[in-house]
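Report on the structure given below.
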Amino acid sequence: MSVLLTPPGPELRLLVSLAAWTWPGTRPDGRKIAHILITHTPALTGSGIAETAEARMRRLSAGLGGLASAREVVPELERCLQIVGDQVLVRFPGVGRRLRLPTRRSWTELVARNGEAILLLGLDPLPQSAAATQVDAYLDAELAAGRLLFGRARTR
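According to this note's numbering, the sequence shown holds residues 217 to 372 in order.
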């Protein structure tokens with residue numbers, strides 16, 4: 217009898233409760249690069265559930281190949297981005313469904329041209345309805361608290 221040991225993929229409950237935002241940004245060398253923020257929505261949290269939600273997000277990070285904190289070298293992740301027409305999807309190992317990202321044509325073209333995007337995984341909740349100013353405040357607070365994980369997501 218043989219046993220195949222694989223890290224557990226994120227469960228469906230987590231996937232349907234993820235929230236995502238995309239925007240173009242600038243690399244340290246001045247070139248443009250696409251950014252993706254993925255968080256869980258407040259619906260996944262509640263009394264006694266917040267720690268579990270963070271653990272699930274950390275398992276999601278591990279499943280993608282291990283994202284790093286802001287003070288570490290940003291790792292290259294396994295090929296997890298897929299472009300289908302004007303849609304960009306994130307593939308999570310061990311899960312048949314993909315997360316469809318909110319996109320604009322110029323952002324999708326940037327991902328296609330570069331073959332990658334910077335993926336930010338937030339450990340704290342943020343509602344999908346958050347406006348740009350709320351997302352900016354979230355990013356500032358999470359970065360200061362060390363609660364953002366980073367990786368280079370690739371299409372090829």
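Using N, Cα and C, we set each Cβ at its ideal position, and we do this for glycine too.
Does DSSP put A286 in a helix, a strand or coil? coil
Within 10 angstroms of its Cβ, does L255 collect 16 or more other Cβ (buried), or is it exposed? According to the sequence provided, residue 255 is Thr. The question's Leu does not apply to it. Buried is the call here.
In this structure, how does DSSP classify L339 when only helix, strand and coil are distinguished? coil
Round the Cβ separation of S285 and L365 to the nearest angstrom and send it over; I've been treating them as touching at under 8 Å. 7 Å
Residue environment, A369, which counts as buried when at least 16 other CB atoms sit within 10 Å: buried
Inter-stretch contact (C-beta, 8 Å, three-pair minimum) for the region 318-336 and the region 294-304: yes
Own chain partners of R314 with C-beta closer than 8 Å, once the 5 adjacent residues on each side are dropped: Q298, L305, V306, R307, F308
Assess, as a yes-or-no matter, whether the region 348-361 is touched by the region 277-284 under the definition of 3 or more beta carbon pairs within less than 8 Å. no
Same chain only: Cβ atoms within 6 Å of A333, ignoring 5 sequence neighbours per side: A250, I252, V327, A369
Counted within 10 angstroms of its Cβ, other Cβ atoms place T242 as buried (16 or more) or exposed: exposed
D341 classed as buried or exposed, judged by whether at least 16 other C-beta atoms fall within 10 angstroms: The question names Asp, yet the displayed sequence has Pro at residue 341. So P341 ends up on the buried side.
Excluding the 5 residues preceding and the 5 following T257 in the sequence, name in chain order all residues of the same chain whose CB lies nearer than 8 Å to its CB. S233, L234, A235, P341, L342, P343, Q344
Neighbourhood of L231 by C-beta, 8 Å cutoff - its chain only, sequence neighbours within 5 removed: F308, V311, R313, L315
Hey, how far is the Cα of R372 from the Cα of L335? 15 Å
Taking P244 as the reference, which of R272, G282, V290 has the closest Cα? V290
C-alpha gap between E205 and R363, whole angstroms: The requested residue 205 does not occur in the structure, where the chain is confined to residues 217 to 372.
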